[in-house]
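*Asks:* Counted the way our numbering counts, the sequence shown spans residues 22 to 242.
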Amino acid sequence: MSVIVALDVPTGEEALAWVARLPQVTAWKVGLELFCAEGPAIVRELKMQGKRVFLDVKLHDIPNTVAGACRQLRSLEVDWLTLHASGGPAMLQAAVETFAGTTTTLLAVTALTSLDAETLAHMGIGLPLADWVERLAGQAWQAGMGGMVCAPQEVARLRRVLGPTACLITPGIRLPGEDWGDQQRVATPHQAIAAGASYVVIGRSLLQAPDPEQAWHQLPT
Numbered sequence: 022m023s024v025i026v027a028l029d030v031p032t033g034e035e036a037l038a039w040v041a042r043l044p045q046v047t048a049w050k051v052g053l054e055l056f057c058a059e060g061p062a063i064v065r066e067l068k069m070q071g072k073r074v075f076l077d078v079k080l081h082d083i084p085n086t087v088a089g090a091c092r093q094l095r096s097l098e099v100d101w102l103t104l105h106a107s108g109g110p111a112m113l114q115a116a117v118e119t120f121a122g123t124t125t126t127l128l129a130v131t132a133l134t135s136l137d138a139e140t141l142a143h144m145g146i147g148l149p150l151a152d153w154v155e156r157l158a159g160q161a162w163q164a165g166m167g168g169m170v171c172a173p174q175e176v177a178r179l180r181r182v183l184g185p186t187a188c189l190i191t192p193g194i195r196l197p198g199e200d201w202g203d204q205q206r207v208a209t210p211h212q213a214i215a216a217g218a219s220y221v222v223i224g225r226s227l228l229q230a231p232d233p234e235q236a237w238h239q240l241p242t
């Protein structure tokens, strides 16, 4: 299955209730809210249950600090870990060196799916959004990242640029006809996979569905 389900809930109790309710889900995302609430314990519990874990904490600091954080996270043996590509090559290389010899895939976050071209221009970035994403991704790939987190609209372009071995994980996923919420660049799961995504991340669309079990069966295998 090419789907990672986001445990965007505030407590470990709620998170584990969802894991029990949807036993067919093999990969779960632990983001900032849940990790800040429960810390490494929730990751360890998911791993003990045989689940794959996408730890989406988007590390972004000076290289020495990021290396220290990575040393602490290394023992969790997560399957994927995110860092902000905008932290620069030295920061990313520090993480790559720290995770050398492990099975964790490091992913660089390019531009958040909540950003659009107008916001990017307001931030003082003169490049078109797609060009900015490609530049960040190229630098991150050269730094040794195993893949990227990118919006559905950039997947096809990055697949062409980075090739077939890059792990491309796509958030901003909505089921057909669903409200976009706070996201600006979204797609359906099937659209993202067809464009070249390795995995799609889906959270509220599944967990807030009237029938989450039925919604799960609409997702790509």
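Where a beta carbon is used, it is the ideal one built from N, C-alpha and C, also for glycine.
Note down the Cα distance separating Asp232 from Arg178, rounded to an integer number of angstroms.
*Replies:* Position 211 of the sequence shown, counted from the first residue, corresponds to residue 232. Position 157 of the sequence shown, counted from the first residue, corresponds to residue 178. Those two C-alpha atoms are separated by around 34 angstroms.
*Asks:* Just to check my reading of the structure: His81 and Leu104 have Cβ atoms closer than 8 angstroms, yes? What is that Cβ distance to the nearest angstrom?
*Replies:* The residue given as residue 81 occupies position 60 in the sequence shown. The residue given as residue 104 occupies position 83 in the sequence shown. That belief holds up - the Cβ atoms of His81 and Leu104 are roughly 7 angstroms apart, short of 8 angstroms.
*Asks:* What did DSSP end up calling Gly89 once you bin it into helix, strand or coil?
*Replies:* Locating residue 89 in the sequence shown gives position 68, where the first residue counts as 1. In the structure shown, Gly89 sits in a helix (DSSP, three-state: H, G or I).
*Asks:* For Leu157, count neighbouring C-beta atoms within 10 Å of its own C-beta (all shown protein chains included) and say buried if the count is 16 or more, exposed if not.
*Replies:* As a position in the sequence shown, residue 157 is number 136, starting the count at 1. That one is buried.
*Asks:* Quick check: Ser219 and Cys171, are their CB atoms within less than 8 angstroms of each other?
*Replies:* Reading the sequence shown from its first residue, position 198 is the one you call residue 219. Reading the sequence shown from its first residue, position 150 is the one you call residue 171. Not closer than 8 angstroms, so no.
*Asks:* Tell me which same chain residues have a C-beta within less than 7 angstroms of the C-beta of Leu183, skipping the five on either side of it?
*Replies:* For the purposes of this step, residue 183 is identified with residue 162 of the sequence shown, where counting begins at 1. Excluding positions up to five away in sequence, the list reads Ala158 and Trp162.
*Asks:* Could you please give the first and the last residue of the uninterrupted beta strand (DSSP E) stretch that includes Val78?
*Replies:* Start at 1 with the first residue of the sequence shown, and residue 78 comes out as number 57. Arg73 to Leu80 is the span of the beta strand (DSSP E), which, as asked, contains Val78.
*Asks:* Look at the alpha carbon of Leu240 and the alpha carbon of Lys72, and state the distance between them as a whole number of angstroms.
*Replies:* Position 219 of the sequence shown holds residue 240. Position 51 of the sequence shown holds residue 72. Those two C-alpha atoms are separated by around 18 angstroms.
*Asks:* When DSSP labels each residue in this structure, what does Cys188 get in the three-state scheme?
*Replies:* Against the sequence shown, residue 188 aligns to sequence position 167. Of the three classes helix, strand and coil, the one that applies to Cys188 here is strand, per DSSP.
*Asks:* Can you have a look at Thr32 and say buried or exposed, based on whether 16 or more other CB atoms are within 10 angstroms of its CB?
*Replies:* For the purposes of this step, residue 32 is identified with residue 11 of the sequence shown, where counting begins at 1. That one is exposed.
*Asks:* Take the Cβ of Asp77 as the centre, count every other Cβ of all protein chains shown within 10 Å, and call the residue buried at 16 or more, exposed below.
*Replies:* On the sequence shown, position 56 is the one that residue 77 refers to. It is buried - the Cβ of Asp77 has at least 16 other Cβ atoms within 10 Å.
*Asks:* Please classify Arg181: is it buried, with 16 or more other beta-carbons within 10 angstroms of its beta-carbon, or exposed?
*Replies:* Locating residue 181 in the sequence shown gives position 160, where the first residue counts as 1. Classification of Arg181: exposed, given that the 10 Å Cβ count is below 16.
*Asks:* Round the Cβ separation of Val74 and Asp100 to the nearest angstrom and send it over; I've been treating them as touching at under 8 angstroms.
*Replies:* As a working note, residue 74 is residue 53 in the sequence shown. As a working note, residue 100 is residue 79 in the sequence shown. The Cβ separation is near 6 angstroms, so the contact holds.
*Asks:* How should Leu11 be labelled, buried or exposed, when 16 other C-beta atoms within 10 angstroms of its C-beta is the threshold for buried?
*Replies:* For the chain, the structure presents residues 22 to 242; residue 11 sits outside this window and is missing.
*Asks:* Helix, strand or coil: how does DSSP classify Ile223 here?
*Replies:* Position 202 of the sequence shown, counted from the first residue, corresponds to residue 223. Looking at Ile223 - three-state DSSP - the assignment turns out to be strand.
*Asks:* Taking 8 angstroms as the cut-off, decide whether the C-beta atoms of Leu196 and Trp39 are in contact.
*Replies:* Here residue 196 corresponds to residue number 175 of the sequence shown, with the count starting at 1. Here residue 39 corresponds to residue number 18 of the sequence shown, with the count starting at 1. In this structure, Trp39 does not lie closer than 8 angstroms to Leu196 by Cβ.
*Asks:* With a 10 Å radius around its C-beta and 16 neighbouring C-beta atoms as the bar for buried, classify Glu155 as buried or exposed.
*Replies:* On the sequence shown, residue 155 is found 134 positions in, with the first residue counted as 1. Buried: at least 16 other Cβ atoms inside 10 Å.
*Asks:* Between Gln70 and Leu148, what straight-line distance do the alpha-carbon atoms span, to the nearest angstrom?
*Replies:* In the sequence shown, counting from the first residue as 1, residue 70 sits at position 49. In the sequence shown, counting from the first residue as 1, residue 148 sits at position 127. Their backbone Cα atoms lie some 44 angstroms apart in a straight line.
*Asks:* Taking the alpha-carbon positions, what's the Ala115 to Gln235 distance?
*Replies:* Indexing the sequence shown from 1 puts residue 115 at position 94. Indexing the sequence shown from 1 puts residue 235 at position 214. Roughly 43 angstroms between the two C-alpha positions.
*Asks:* Compute the Euclidean distance between the alpha carbons of Pro61 and Leu97, then round it to the nearest angstrom.
*Replies:* Along the sequence shown, read from residue 1 onward, the residue named residue 61 stands at position 40. Along the sequence shown, read from residue 1 onward, the residue named residue 97 stands at position 76. Each residue's alpha carbon lies about 7 angstroms from the other.
*Asks:* Would you give the residue range spanned by the beta strand (DSSP E) that Met112 belongs to?
*Replies:* As a first step, residue 112 must be located in the sequence shown, where it is residue number 91. Element bounds for Met112: not the beta strand (DSSP E) but the alpha helix (DSSP H), Pro110 to Thr119.
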